[in-house]
Amino acid sequence: MGNHSFSLKYRFPEPELMSDQSQVDAYAKADFSSAHSDLTLNLKNRIPRGFQPLRILDLGSGPGDMAYRLAEVFPSATFTYIDGSDPMIAACKEYFKSRFSELDRFHFICERIQNFNPSQPFDLVFSNSLLHHLEDPFEFWGCVQRSMDENTFVFVSDLLRPSSSAIADSMVQKYAKNEPTVLKEDFFNSLLAAYTKEEVEEHLTRTRLQSKLIWEQTSDRHWVCFSKPFKM
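Just so we're aligned: the sequence shown equals residues 72 to 303 in the working numbering.
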């Protein structure tokens with residue numbers, strides 16, 4: 072953030088993992104209820120009618136709020152939560168401990184997605200705001216492909232990179248004005264690290280996922296990518 076505006080023709084990658092405890096604590100205390108409520112509704116509106124996933128994978132589960140909302144949507148499913156940050160996955164587990172009496176259907180794994188190789192496909196592969204953390208996007212899409220088959224529903228959400236740093240700064244002022252400095256700085260840096268529509272479409276083409284997934288912009292700063300309708 073600053074007074075100098077510059078073009079965002081190219082992205083500015085940020086650190087892949089949130090390993091600083093103060094940063095994790097700030098995210099755990101932040102109020103993402105509005106954004107996460109909208110995302111939950113987006114997911115519900117796009118899942119095929121009657122689709123009841125039994126095994127769900129959450130890539131980049133974060134400190135727990137969105138992960139918990141996902142668990143509420145599918146109360147009969149078992150979940151695998153993956154995050155490469157030790158303090159982040161620990162925060163997620165603590166969040167669940169405070170809300171569920173039993174954690175048998177939840178599996179919390181601290182592992183970078185580049186190393187994650189599931190033994191069988193999941194029914195639903197979900198990810199929110201992980202892609203922009205990766206310098207190599209194909210590590211993300213490769214993990215998605217390893218975790219799915221033709222019957223898997225994929226739902227990915229992330230930030231959309233604006234065209235200039237001035238627009239990114241205005242978004243920070245609009246949506247995070249009253250948040251702690253660490254969150255405002257992270258939001259700004261995440262916008263600069265995010266991918267554009269054209270870049271994500273290139274990812275899907277190169278991974279041959281363009282025939283399976285649909286990309287949609289959902290706000291001035293968010294997009295979702297989800298499976299096309301399939302026979303159940």
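All C-beta atoms, glycine included, are put in the ideal place defined by N, C-alpha and C.
Taking only three categories from DSSP, how would you classify residue i?
i    : result
F209 : helix
F179 : strand
D154 : strand
T276 : helix
K248 : coil
N186 : helix
S105 : helix
Q191 : coil
L254 : helix
F171 : coil
R292 : coil
M242 : helix
M219 : coil
Is there a Cβ of chain D sitting closer than 8 angstroms to that of residue i, yes or no?
i   : result
F77 : No chain D is part of this structure, which consists of one protein chain only.
From the DSSP output, read off the bridge partner residues of residue i.
i    : result
H203 : Its beta-bridge partners do not exist; DSSP assigns none.
F297 : F226 and I285
T149 : R126
S78  : S235
V196 : L128 and V225
Y266 : L231
With a cut-off of 8 angstroms on the beta carbons, I'd call residue i and residue j a contact; round off their distance for me.
i    : j    : result
V227 : C296 : 4 angstroms
S156 : S261 : Between S261 and S156 the Cβ distance is about 15 angstroms, and since that is not below 8 angstroms, they are no contact.
V253 : A97  : 5 angstroms
F209 : L202 : Actually they do not touch by this definition, with Cβ atoms about 11 angstroms apart.
S132 : D154 : 5 angstroms
H204 : E87  : 5 angstroms
Unbroken stretches of the beta strand (DSSP E), 3 residues or longer, contained in the stretch 112-136: List check, beta strand (DSSP E) in window: 126-130.
Is the stretch 118-137 close to the stretch 148-161, with three or more CB pairs under 8 angstroms? yes
With a threshold of 8 angstroms, are at least 3 pairs of Cβ atoms found where one atom belongs to the stretch 212-222 and the other to the stretch 181-193? yes
So within the stretch 78-103, which uninterrupted alpha helix (DSSP H) runs reach at least 4 residues, ignoring any that extend past its ends? 92-100
Does the structure place the stretch 194-208 close enough to the stretch 165-182 that three or more beta carbon pairs sit under 8 angstroms? These segments do not touch.
Should the stretch 244-258 be called in touch with the stretch 266-283, which here means at least 3 C-beta pairs below 8 angstroms? no
Taking 8 angstroms as the threshold, find out whether the stretch 281-298 comes into contact with the stretch 230-241 through three or more Cβ pairs. Counting C-beta pairs with one atom in each stretch, the stretch 281-298 and the stretch 230-241 have three or more that are closer than 8 angstroms, which means they touch.
Should the stretch 174-185 be called in touch with the stretch 109-116, which here means at least 3 C-beta pairs below 8 angstroms? Contact between the stretch 174-185 and the stretch 109-116 is absent, because fewer than three Cβ pairs lie under 8 angstroms.
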